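Asker:
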Amino acid sequence: MHFDDSIIHNLWGHQDVLWAAKEAEGLSGGLCVDWDGMRVNIVNVYSPCSLAGKRKLWEDLLHIRRGDSSEWCVGGDFNAILRSSERKSGSTVTRSSEINLFRDFVDEMELIDVPVLGKKFSWFSSDGKAMSRLDRFLLSDGFLKKSGVTSQWIGERDISDHCPVWLLCSQINWGPKPFRVVNGWLEHPDFKAFVEASWQSYNISGKKAFVLKEKFKLLRESLKNWNKEVFGFLDLNIEKTVRDINEFEGLLANSDGDLDYLKLEGLNKEFWKQLHFKESLLKQKSRTTWIREGDSNSKYFHQSIKSRRRRNQLVALKDGDHWVQGVDDVKSFVKNFFEKNFTEEWSNRPLLDGISFNSLSDTDNHTLLAPFSVEEVRDILSSCDGNKCPGPDGFNFNFLKTCWDVLQADVMEFLNEFHSNAILPKAITASFLALIPKKDHPQVLSDYRPICLVGCLYKILSKVLAARLKKVMGKLISECQTAFLPNRQILDGVLVVNELIDLAKRRKDKCLMLKVDFERAYDTVNWNFLEYMMRRMGFDQHWLEWMRACIFNSSMSVLVNGSPTEDFLVGKGLRQG
Numbered sequence: 068m069h070f071d072d073s074i075i076h077n078l079w080g081h082q083d084v085l086w087a088a089k090e091a092e093g094l095s096g097g098l099c100v101d102w103d104g105m106r107v108n109i110v111n112v113y114s115p116c117s118l119a120g121k122r123k124l125w126e127d128l129l130h131i132r133r134g135d136s137s138e139w140c141v142g143g144d145f146n147a148i149l150r151s152s153e154r155k156s157g158s159t160v161t162r163s164s165e166i167n168l169f170r171d172f173v174d175e176m177e178l179i180d181v182p183v184l185g186k187k188f189s190w191f192s193s194d195g196k197a198m199s200r201l202d203r204f205l206l207s208d209g210f211l212k213k214s215g216v217t218s219q220w221i222g223e224r225d226i227s228d229h230c231p232v233w234l235l236c237s238q239i240n241w242g243p244k245p246f247r248v249v250n251g252w253l254e255h256p257d258f259k260a261f262v263e264a265s266w267q268s269y270n271i272s273g274k275k276a277f278v279l280k281e282k283f284k285l286l287r288e289s290l291k292n293w294n295k296e297v298f299g300f301l302d303l304n305i306e307k308t309v310r311d312i313n314e315f316e317g318l319l320a321n322s323d324g325d326l327d328y329l330k331l332e333g334l335n336k337e338f339w340k341q342l343h344f345k346e347s348l349l350k351q352k353s354r355t356t357w358i359r360e361g362d363s364n365s366k367y368f369h370q371s372i373k374s375r376r377r378r379n380q381l382v383a384l385k386d387g388d389h390w391v392q393g394v395d396d397v398k399s400f401v402k403n404f405f406e407k408n409f410t411e412e413w414s415n416r417p418l419l420d421g422i423s424f425n426s427l428s429d430t431d432n433h434t435l436l437a438p439f440s441v442e443e444v445r446d447i448l449s450s451c452d453g454n455k456c457p458g459p460d461g462f463n464f465n466f467l468k469t470c471w472d473v474l475q476a477d478v479m480e481f482l483n484e485f486h487s488n489a490i491l492p493k494a495i496t497a498s499f500l501a502l503i504p505k506k507d508h509p510q511v512l513s514d515y516r517p518i519c520l521v522g523c524l525y526k527i528l529s530k531v532l533a534a535r536l537k538k539v540m541g542k543l544i545s546e547c548q549t550a551f552l553p554n555r556q557i558l559d560g561v562l563v564v565n566e567l568i569d570l571a572k573r574r575k576d577k578c579l580m581l582k583v584d585f586e587r588a589y590d591t592v593n594w595n596f597l598e599y600m601m602r603r604m605g606f607d608q609h610w611l612e613w614m615r616a617c618i619f620n621s622s623m624s625v626l627v628n629g630s631p632t633e634d635f636l637v638g639k640g641l642r643q644g
């Protein structure tokens, strides 16, 4: 077989490849070796212990790195840490200035410290009283992208006081990502008209909750197709527009006139419109909310997205003494963990029949059960952040605000129907559970904070009901509670306790103080007890039916690297999000 570039490129899949071949001779088979054309500097580090020696090493590496366009993989014993949590129990206290200098070095080198699995520390003193993470890999962004590195693993040590560290590479498909509205769509001049025409074309009959659910389902598919037709492949469209501009400007340079200058003006407008949409998309993906104004900085948003993905990426989880890895195993493990957490083990619980509670009046219940109004819902929409992550339906409040005049009639009919029959389909009460790391390099599920993401219809309804409940809560909650109510400060409770302790000391009184902190308090609320307490506090039966529809009838699926697990029924707890 004769080898040439075209054959090699087809075999490799792209042209960024180098190769060497020896063709067959007689009965002896030929040999072809292909390798990636990426240039990589692999640096093995053994850093001095003194700060002066470390600074000299960092300066030398920075000098080599400057002006070098190849990729970098720097690994070894840096004798330095990036954060104080990477050192424990040592008699030597690491100065924050040294940590900051090491961080500055990593930033200037434009290298990335990928997430860690396995052990937390890579070096241990002989007596076991001191431990640090001195060994690590630092990678350039291009190397990270092309190599498929997902994490670094700190293994078990033997005779050495340092643990081995190796890179884990994997190109894993975690499954389909759910639909989400892109804020940049809302700025397109034809977007709202398209939504209105599509919405009015859907002919669905049945209960209003069902009709609205099905309309949003159809609208999702329509918007997916609209996005492909209008924006297509965004980066390719931008490249094409730039080529068209350059070609037209080339014609201008060699022309005596009679060219359509309006065409160039149109191309420039299209170019900036495409760039603006790309920036909007990147900003939304990066979850960066503190930038309100200023120049476009796509590189910044790109880095924010990559950093956020690395920080939130869940590659493997520790279950006792072993690790759970692989898409199916990790998703199954996560789903089973939270399904168990949200399953109620029913038992006879003590009731508080001998205790009196504050109770609502008929006037209070009338306030709670008043018909829903357009103004009430509009106030809720205007007060909510439109950029918050959407739930399973994929529609955020920015979309609702933009298209409210299109959706208003159907949404109000849905709310009025719920007001009468207190019924919600499970598709409306379904939710996602997003996992937010509570610490650097999480390894077990308890290292993540679960945040519930609900659909837009349920969010509107729940916020309307919560706003009504807020008006009467002050009559039910004891004045001794200083937290989570308007015009009360959580710090007041701390001040009162300090005063009581001081008084007891001065009077030499005996006293008993009990501090209780309920683990996962919201997630473990018993629904029967909740209903019992609301009944004891005088809530109307119809309000209790509303609560049962909203709380007692829900399902959930967990987002693992952006892809949902199988859903499961929830049997206890109150959703937070």
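Using the numbering used here, read the sequence shown as starting at 68 and increasing by one per residue. All residues carry an ideal CB built from backbone N, CA and C; glycine is no exception. This structure is a prediction, so every number in the text was calculated from the model and none was measured.
1. Taking only the alpha-carbon atoms, compute the straight-line gap between E411 and V444 and give it to the nearest angstrom.
2. Is it buried or exposed, V249, if we count other Cβ atoms within 10 angstroms and call 16 or more buried?
3. In whole angstroms, what is the alpha-carbon distance linking V625 and G387?
4. Considering only C-alpha positions, which residue in the set H69, K493, N465 is nearest to S622?
5. Do you know how far the Cα of S73 is from the Cα of D101?
6. Could you tell me whether the stretch 231-239 touches the stretch 256-269, using the rule of 3 or more Cβ pairs below 8 Å?
7. Using a 10 Å radius around the Cβ and a threshold of 16 neighbouring Cβ atoms, would you call N146 buried or exposed?
8. Would you call the stretch 498-509 and the stretch 463-479 in contact, with 3 or more CB pairs under 8 Å?
9. Going straight from the alpha carbon of I422 to that of R603, what length do you get?
10. Could you give the DSSP three-state label for A88: helix, strand or coil?
11. For the alpha helix (DSSP H) that G560 lies in, which residues bound it at each end?
12. Output yes or no for whether 8 Å exceeds the beta carbon distance between H229 and D194.
13. Kindly examine the ligand ZN and report whether one of its heavy atoms sits closer than 7 Å to the Cβ of D452.
14. Would you kindly check if the distance between the Cβ of L381 and the Cβ of V627 is under 8 Å?
15. What is the rounded straight-line gap between the Cα of N408 and the Cα of F400?
16. From this set, V232, V394, S289, which residue's C-alpha is nearest W266's C-alpha?
17. Expressed to the nearest angstrom, what Euclidean distance is found between the alpha-carbon atoms of Y367 and L178?
18. Name the two residues that bound the continuous beta strand (DSSP E) containing T217.
19. For I221, tell me which candidate among G251, S189, P243, D208 has the shortest Cα-Cα distance.
20. With a threshold of 6 Å on Cβ separation, who are the neighbours of L124 within its own chain once the five nearest residues in sequence on each side are excluded?
21. Have a look at A534 and F405 and give me their C-alpha separation to the nearest angstrom.
22. At what residues does the alpha helix (DSSP H) containing W233 begin and finish?
23. For the stretch 166-177 against the stretch 140-156, are there 3 or more C-beta pairs whose distance is under 8 Å?
24. Examine the Cβ distances between the stretch 480-491 and the stretch 431-446 and report whether three or more of them are shorter than 8 Å.
25. Exposed or buried, which one is D472 when buried takes at least 16 other CB atoms within 10 Å?
26. Alpha carbon to alpha carbon, what distance is there between N593 and K538?
27. Would you mind sorting T632 into buried or exposed? The rule is 16 or more other CB atoms within 10 Å of its CB.
28. Going by DSSP, which residues form a beta bridge with I503?
29. What are the boundary residues of the alpha helix (DSSP H) that V262 is part of?
30. Assuming G629 and W241 are in contact, meaning their beta carbons sit under 8 Å apart, how far apart are those beta carbons, in whole angstroms?
31. What three-state label does DSSP hand Q475 in the structure shown?
Answerer: Concretely, from the data shown:
1. Looking at the two C-alpha atoms, the distance is approximately 34 Å.
2. Buried, by the Cβ-count rule.
3. Each residue's alpha carbon lies about 21 Å from the other.
4. Per the Cα distances, K493.
5. When only Cα atoms are considered, D101 and S73 end up about 13 Å apart.
6. Touching, no.
7. By the neighbour-count rule (16 or more Cβ atoms within 10 Å), N146 is buried.
8. Contact between the stretch 498-509 and the stretch 463-479 is absent, because fewer than three Cβ pairs lie under 8 Å.
9. Distance between I422 and R603, taken at the CA atoms: about 10 Å.
10. Residue state, collapsed to three classes: strand.
11. G560 -> alpha helix (DSSP H) spans 557-574.
12. The answer is no: Cβ separation not under 8 Å.
13. No copy of the ligand ZN occurs in the structure displayed, which carries no ligand at all.
14. Using a Cβ distance threshold of 8 Å, V627 and L381 count as a contacting pair.
15. Taking the Cα positions, N408 is about 12 Å away from F400.
16. Nearest option by C-alpha distance: S289.
17. Low per-residue confidence applies at Y367: pLDDT is 49, beneath 50, and the placement is therefore not dependable enough to give any value.
18. First-last of the beta strand (DSSP E) with T217: 216-221.
19. Selected option, being the one with the closest Cα: S189.
20. Spatial neighbours of L124 in its own chain (CB-CB distance under 6 Å, excluding positions within 5 residues in sequence) are listed in chain order as S114.
21. For A534 and F405, the distance between alpha carbons rounds to 29 Å.
22. Judged by DSSP secondary structure, W233 falls outside any alpha helix (DSSP H) and instead within the beta strand (DSSP E) spanning 232-236.
23. Contact between the stretch 166-177 and the stretch 140-156 is present: 3 or more CB-CB pairs across the two stretches fall below 8 Å.
24. With a cut-off of 8 Å, the stretch 431-446 and the stretch 480-491 count as touching, because enough Cβ pairs lie within range.
25. Result: exposed.
26. Near 24 Å, if we compare the C-alpha coordinates of N593 and K538.
27. Flag for T632 reads buried.
28. DSSP, once it has assigned bridges, lists R516 as partnering I503.
29. Its alpha helix (DSSP H) spans residues 258-268.
30. Confirmed, about 7 Å.
31. Q475: helix per DSSP, three-state reduction.
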